[in-house]
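In the numbering used here, the protein residues as written are 118 to 192. Taking it in order: structure first as structure tokens, then the write-up.
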């Protein structure tokens, strides 16, 4: 079922410029799906699941030191 929505003239012109041969619905859905795929929601859902311990902190510290060396050497 189709619905009527109101958008600003600016939003309409932007959608119209991206439309080409597609429908406005297709343009909007493509834009929403592209944004959804780039949000990192899968990664966000994992944050905080692992607890920090001494070993993981040492590994993180070591990695940071090595990245600093690499950046200085290859930049």
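In this text, a Cβ means the ideal position worked out from N, Cα and C, and glycines have one as well. Since the model is a prediction, treat every value here as computed from it, not as a measurement.
Considering only their Cβ atoms, is the gap separating residue 141 from residue 132 smaller than 7 Å?
yes
Closest by C-alpha distance to residue 143, when choosing among 127, 172, 119
119
Which stretch, first to last residue, makes up the alpha helix (DSSP H) that contains residue 130?
126-136
Please return the same chain residues whose Cβ sits closer than 8 Å to the Cβ of residue 194, not counting the five positions on each side in sequence.
One cannot answer for residue 194 here, as it falls past the ends of the chain, which runs 118 to 192.
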